[in-house]
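2 protein chains.
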Amino acid sequence: MAARAGVRAARAALSGRAPGARPPTSRDVASAAGVSQATVSLVLGDKWRGRVSERTAGLVREAAQDLGYRPNLAARSLRLGRTRTALLVVPAMTSEFFAQVYTGAAKVAAEHGFGVVLYPSPEGIGPARDPFDSARTALDGVIASSMAADALASIRGSDLPLVMLDSDPAETGPAAHVNLDIADGVRRLTEHLLGLGHRRFTHIAADVDSWTFVVRARALADALTDVPDAELRTVRAELSVDGGRRAAEAALGSPGPRPSALVCDDDFLAAGACKAAHRLGLRVPDDVSVTGFDGLTLATALEPELTTLTLPAEQVGARGMAALLAVLEGRPAETGDLPVTLAVRGSTAAPRPA
Amino acid sequence: MAARAGVRAARAALSGRAPGARPPTSRDVASAAGVSQATVSLVLGDKWRGRVSERTAGLVREAAQDLGYRPNLAARSLRLGRTRTALLVVPAMTSEFFAQVYTGAAKVAAEHGFGVVLYPSPEGIGPARDPFDSARTALDGVIASSMAADALASIRGSDLPLVMLDSDPAETGPAAHVNLDIADGVRRLTEHLLGLGHRRFTHIAADVDSWTFVVRARALADALTDVPDAELRTVRAELSVDGGRRAAEAALGSPGPRPSALVCDDDFLAAGACKAAHRLGLRVPDDVSVTGFDGLTLATALEPELTTLTLPAEQVGARGMAALLAVLEGRPAETGDLPVTLAVRGSTAAPRPA
DNA sequence: CCTCGGACGTTATACGTAACACTAAGGAGT
DNA sequence: ACTCCTTAGTGTTACGTATAACGTCCGAGG
Chain A
13 MAARAGVRAA RAALSGRAPG ARPPTSRDVA SAAGVSQATV SLVLGDKWRG RVSERTAGLV
73 REAAQDLGYR PNLAARSLRL GRTRTALLVV PAMTSEFFAQ VYTGAAKVAA EHGFGVVLYP
133 SPEGIGPARD PFDSARTALD GVIASSMAAD ALASIRGSDL PLVMLDSDPA ETGPAAHVNL
193 DIADGVRRLT EHLLGLGHRR FTHIAADVDS WTFVVRARAL ADALTDVPDA ELRTVRAELS
253 VDGGRRAAEA ALGSPGPRPS ALVCDDDFLA AGACKAAHRL GLRVPDDVSV TGFDGLTLAT
313 ALEPELTTLT LPAEQVGARG MAALLAVLEG RPAETGDLPV TLAVRGSTAA PRPA
Chain B
13 MAARAGVRAA RAALSGRAPG ARPPTSRDVA SAAGVSQATV SLVLGDKWRG RVSERTAGLV
73 REAAQDLGYR PNLAARSLRL GRTRTALLVV PAMTSEFFAQ VYTGAAKVAA EHGFGVVLYP
133 SPEGIGPARD PFDSARTALD GVIASSMAAD ALASIRGSDL PLVMLDSDPA ETGPAAHVNL
193 DIADGVRRLT EHLLGLGHRR FTHIAADVDS WTFVVRARAL ADALTDVPDA ELRTVRAELS
253 VDGGRRAAEA ALGSPGPRPS ALVCDDDFLA AGACKAAHRL GLRVPDDVSV TGFDGLTLAT
313 ALEPELTTLT LPAEQVGARG MAALLAVLEG RPAETGDLPV TLAVRGSTAA PRPA
C-alpha cells in the first residue's frame with residue numbers, strides 16, 4: 013500500500029507533475045488535444061494515414077509532448093498479447109563472452125522496442141523457482157546459447173519461437189540458428205601452428221559436451237589428418253583457469269615426447285596452461301606454444317599475449333536477436349556463419365629443434 | 013498478425029493444449045473449480061484466510077494445477093500499477109564484476125517474483141533511444157552503480173525508488189546505499205605492503221571520477237600519512253589493460269628513484285602494470301610489487317597471481333536488490349558496509365635493498 | 001434532387017487481474 | 001423475535017491500450 017503510493021508519486025514526478033497525480037494516459041492526451049482516445053492511439057501508433065488529418069495529428073503529438081505522455085507497457089502488452097520481451101538463456105553470466113552476447117542482443121532489441129531478460133543457468137538462479145516457468149506468459153521468444161541437452165529440455169518443450177546460438181544446425185525445432193564458422197577458424201589456427209613447425213599437439217578440451225566444443229575437437233582432428241607426422245592427444249579439463257592448469261600439467265608432465273603446442277578450448281584454459289608451463293619451468297612460447305579460444309580481454313592481459321581465435325560475441329547476440337525478430341514477423345532469418353578471427357600473438361612460436 | 017498467431021499457438025503448447033486454444037485464464041480456472049473468478053484470485057493470491065473454506069481453496073488450486081494456469085503478468089501489472097521489475101544501471105556489462113553484481117541481484121529478485129533488466133551504460137545501447145525513458149512506465153525501482161554524475165542525472169530526475177551501489181553515502185536522494193568498506197581494505201593492503209618494507213608507492217589511478225575511485229585514492233593517501241618516509245605518486249590511467257601498461261611504463265621509466273610498489277585501481281590496470289614491468293625488463297614481484305583491485309578471475313589467471321582486494325560483487329548485487337525491495341515495502345533497508353577481502357598472492361614481495 | 005463514396009473521426013469493447021462492496025445463510029446474544 | 005456478527009463467498013468495476021465497427025459531413029456524379 014505504502015509502496016504502491018510511493019511508486020505512483022515517483023511516476024508523477026517523472027514528468028514534473030505534482031505528487032499524487034496519476035501519470036498521463038492516452039485519454040488525458042485526448043482531452044488535451046480535443047479528440048477521442050482512439051484518435052490518440054491511431055496517431056501515436058502511426059496508423060493514421062488517411063484516417064486523421066495532418067492538423068489533428070499535429071495537435072495530438074503536441075499534447076502528448078506537453079504532458080510527457082508515455083504509453084503504459086503493461087496495458088499495451090495485455091491488449092496486444094505480445095510483450096516485446098525476449099529471453100536470453102546463457103550458461104553463466106559471469107563470463108565476459110556472454111556479457112558481450114547480451115550487449116549485442118540488447119542493442120538490436122532496443123532498436124525495435126524490445127527488452128531482453130536473462131536466464132543465467134538453471135542452477136545459478138536458485139532451486140526454488142524456475143524463472144522460465146514464471147516468465148512464460150511474459151515472453152515473445154527465446155534465444156538460447158549452446159548448452160547441455162537436458163538443460164534445454166524445458167525450453168524446447170515451451171514451443172516459443174526459439175533461436176539457437178552456436179549449436180548443431182541439424183537440430184530440428186529451433187526457428188533459426190546463428191552459427192560461427194568455427195571449423196574454418198580452427199583450420200586456420202592449426203595451419204598457423206603447422207607452419208611454425210609444430211607436430212605434437214595436445215588439445216586441452218572442455219569437459220562439457222556443448223556442440224561448440226564438439227566442433228572444436230572435430231575440426232582440430234580433421235585439420236591434422238592430412239599431416240602424416242602430426243600427433244594429437246586430448247586431455248579434458250574443467251572450464252576454469254585451474255582446470256586448465258591441472259590438465260596442462262598432466263599433458264606436459266606425462267611420459268613420452270612432450271607436446272610442443274597446447275590448443276585450449278578457451279582463454280581461461282589457456283591461461284591455466286601458461287601457468288602450468290611456468291610451474292614446470294617451461295617457457296611460453298619458447299618451450300611450448302599455447303593457444304586460446306574466444307578472444308576475451310584476458311588474452312591480451314597475459315604475458316605473453318595469447319594467440320587465440322576471436323569470436324564476434326556481440327555480433328552473435330545481435331544476429332540472434334535479429335533472427336528472433338524476423339521469425340516473429342514471419343520473415344526468413346538471415347543465414348550464413350559468422351567469421352571468426354585468428355589473432356596471432358606472443359604465445360605461439362616455432363618449436364625448438366629436438 | 014502472423015507473428016501474433018505464432019506466439020499464441022506457442023503459448024498454448026506450453027501447457028499441452030491444442031494449438032489455437034487460448035491460454036487458461038483465472039476465469040477458466042474458476043469455471044473448472046465451480047467458483048467465481050474473484051475466488052480464484054483470492055485463493056491463488058493467498059488472501060483467503062477466513063474468506064474461503066479450506067475445501068474450496070483446495071478445489072481451486074487443483075483446477076489451476078490441472079489447467080496449467082499461469083497468471084498473465086501484463087494484466088497483473090496493469091491492475092496493480094506495479095511491474096515487479098527493477099532496473100540495474102551499470103557502466104558496462106562487459107565487465108565480469110558487474111556481471112556478478114547482476115547475478116546477485118537477479119537471484120534475490122527471483123526469490124521475490126521480481127525481474128531485473130539492465131541499462132548497460134548510456135552510450136552502449138545506441139544513441140537513438142533512451143531505454144530508461146521508454147521503460148519508465150514498466151519499472152518499480154532502480155539500482156545504480158557508481159557512475160559519473162551526469163550519467164545519473166536522468167535517473168535521479170525520475171524519482172523512482174533508487175538504490176545506489178558503492179557511492180557517496182552523503183548524497184541525498186537515493187533511498188538506500190549499499191557500500192563496501194573499501195577504506196578498510198585499502199588500509200590493510202597498504203599495511204601489507206608497508207610490512208614488506210615498501211616505501212615508494214605509485215598509485216595507478218582510474219581516470220574516471222566515480223566515488224569508488226575517489227575513496228580508493230583517499231584511503232591510500234590516508235594510510236601513508238602516518239609513515240614518515242613513505243612517498244606516494246599518482247599516475248592516471250584509462251581503465252583497460254593497455255591503459256595500465258602505459259601508465260606503469262611512465263611510472264617505472266620516469267626519472268628519480270623507481271617506485272617499488274604499484275597500487276592499481278583494478279585488476280585490468282594491474283595486469284597492464286605487470287606487462288609494463290616485463291617490457292622494461294623488471295620482474296614482478298622481485299623488482300616491483302603490483303596490486304590489483306576487484307578480485308576477478310583475471311587476478312588468478314596471471315603469472316604471478318595478483319595480490320588484490322576481492323570485492324564481494326555478487327553480495328553487492330544481492331544486497332542492492334534486497335534494499336530496493338525493503339524500500340518498496342516501506343521497511344528500512346539493511347545498512348552496514350560489506351567487508352572486502354585482502355588476497356595476498358605472488359605479485360607482492362619485499363623490495364630488494366637498494 | 002438524390003445518393004454515393006471518401007475523408008475524418010468516434011463509440012464501444014476486450015484483454016486478464018485484483019479488490020471493493022455487497023449478500024445470503026446460519027448462529028449467538030438479549 | 002429482533003438485531004448483530006461471522007463465514008463464505010459473488011458481482012462489478014477499473015487499470016490503459018488498440019482496433020473493429022460504426023457515424024457524419026461534404027462534394028461530385030447521375
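Sequence lines, in order, name chains A and B. When the first sequence is numbered by my numbering, its final residue is 366 and no position is left out of the sequence of numbers. When the second sequence is numbered by my numbering, its final residue is 366 and no position is left out of the sequence of numbers. For each residue, glycine too, the CB sits at the ideal point set by N, CA and C. These numbers were taken from a predicted model, which means no experiment stands behind them.
With a 10 Å radius around its C-beta and 16 neighbouring C-beta atoms as the bar for buried, classify residue i as buried or exposed.
i                : result
LYS59 (chain A)  : exposed
ASP152 (chain B) : buried
ARG331 (chain A) : buried
ALA188 (chain A) : buried
LEU92 (chain A)  : exposed
SER43 (chain A)  : exposed
ALA122 (chain B) : buried
GLY197 (chain B) : buried
THR51 (chain B)  : buried
THR353 (chain B) : exposed
According to DSSP, is residue i helix, strand or coil?
i                : result
SER157 (chain A) : strand
GLU108 (chain A) : helix
TYR131 (chain A) : strand
HIS215 (chain A) : strand
HIS124 (chain A) : coil
HIS204 (chain B) : helix
SER48 (chain A)  : coil
THR37 (chain B)  : coil
LEU323 (chain A) : coil
THR97 (chain A)  : strand
ARG245 (chain A) : strand
ASP279 (chain A) : helix
SER252 (chain A) : coil
LEU236 (chain B) : helix
Tell me, to the nearest whole angstrom, how far the beta carbon of residue i is from that of residue j; I am working on the premise that it is less than 8 angstroms.
i                : j                : result
THR115 (chain B) : GLN112 (chain A) : THR115 (chain B) to GLN112 (chain A), Cβ: 16 angstroms. No contact.
VAL102 (chain A) : LEU71 (chain A)  : Their Cβ separation, rounded to whole angstroms, is 47 angstroms, which puts VAL102 (chain A) and LEU71 (chain A) out of contact at 8 angstroms.
VAL275 (chain A) : LEU232 (chain A) : 6 angstroms
ASN191 (chain B) : ASP306 (chain B) : Not confirmed; about 16 angstroms, so no contact.
Going along chain A in order, which residues have a C-beta closer than 7 angstroms to the C-beta of residue i?
i                : result
GLY304 (chain B) : Within chain A, no residue comes near GLY304 (chain B); the closest Cβ sits about 11 angstroms away, beyond 7 angstroms.
VAL129 (chain B) : GLY127 and VAL129
SER89 (chain B)  : ALA86
Rounded to whole angstroms, what's the CA-CA distance from residue i to residue j? Just pull it up for me.
i                : j                : result
GLY256 (chain A) : GLY304 (chain A) : 11 angstroms
THR237 (chain B) : ARG200 (chain B) : 14 angstroms
ALA217 (chain B) : ARG230 (chain B) : 11 angstroms
LEU205 (chain B) : THR312 (chain B) : 19 angstroms
THR202 (chain B) : ALA235 (chain B) : 7 angstroms
ILE155 (chain A) : SER65 (chain A)  : 42 angstroms
GLU341 (chain A) : LEU323 (chain A) : 28 angstroms
LEU90 (chain B)  : SER53 (chain B)  : 15 angstroms
ALA165 (chain A) : THR68 (chain B)  : 35 angstroms
THR320 (chain A) : CYS286 (chain A) : 13 angstroms
PRO269 (chain B) : VAL356 (chain A) : 37 angstroms
GLY329 (chain A) : GLU183 (chain A) : 20 angstroms
GLY280 (chain B) : ASP219 (chain B) : The residue you asked about is not Gly; residue 280 (chain B) is Phe in the sequence shown. Roughly 13 angstroms between the two C-alpha positions.
ALA117 (chain B) : GLY293 (chain A) : 43 angstroms
ALA179 (chain A) : SER157 (chain A) : First, the amino acid is wrong: residue 179 (chain A) is Ser here, not Ala. Their Cα atoms are separated by approximately 7 angstroms.
ASP241 (chain B) : ARG212 (chain B) : 9 angstroms
By the criterion of Cβ-Cβ separation under 7 angstroms, what are the contact partners of residue i in chain B?
i                : result
THR95 (chain A)  : ALA86
GLU315 (chain A) : CYS286, LYS287 and HIS290
LEU310 (chain A) : LEU310 and ALA313
LEU99 (chain A)  : Simply none; closest approach about 10 angstroms.
VAL253 (chain A) : THR309, THR312 and ALA313
ALA249 (chain A) : Near ALA249 (chain A) there are no residues of chain B at all, since even the closest Cβ is about 14 angstroms away, more than 7 angstroms.
Against residue i, what residues of chain A qualify as contacts under a CB-to-CB distance less than 8 angstroms, listed in chain order?
i                : result
THR184 (chain B) : Ordered by position in chain A, no residue passes the 8 angstroms Cβ test against THR184 (chain B), which lies about 15 angstroms from the chain.
ALA283 (chain B) : ALA313 and LEU314
ALA165 (chain B) : Going along chain A, no residue has its Cβ under 8 angstroms from ALA165 (chain B), so there is no contact; the nearest lies around 13 angstroms.
Just to make sure I have the definition right: I need the residues of chain B whose C-beta is within less than 9 angstroms of the C-beta of residue i. Which are they?
i                : result
PHE280 (chain A) : THR309 and ALA313
VAL188 (chain A) : According to the sequence as given, residue 188 (chain A) is Ala; it is not Val. Under the 9 angstroms cutoff, chain B gives no residues; its nearest Cβ is about 13 angstroms from ALA188 (chain A).
At 8 angstroms on the CB atoms, spell out the chain B contacts of residue i, in chain order.
i                : result
ALA273 (chain A) : Correct list: empty, because the minimum Cβ distance to chain B is about 19 angstroms.
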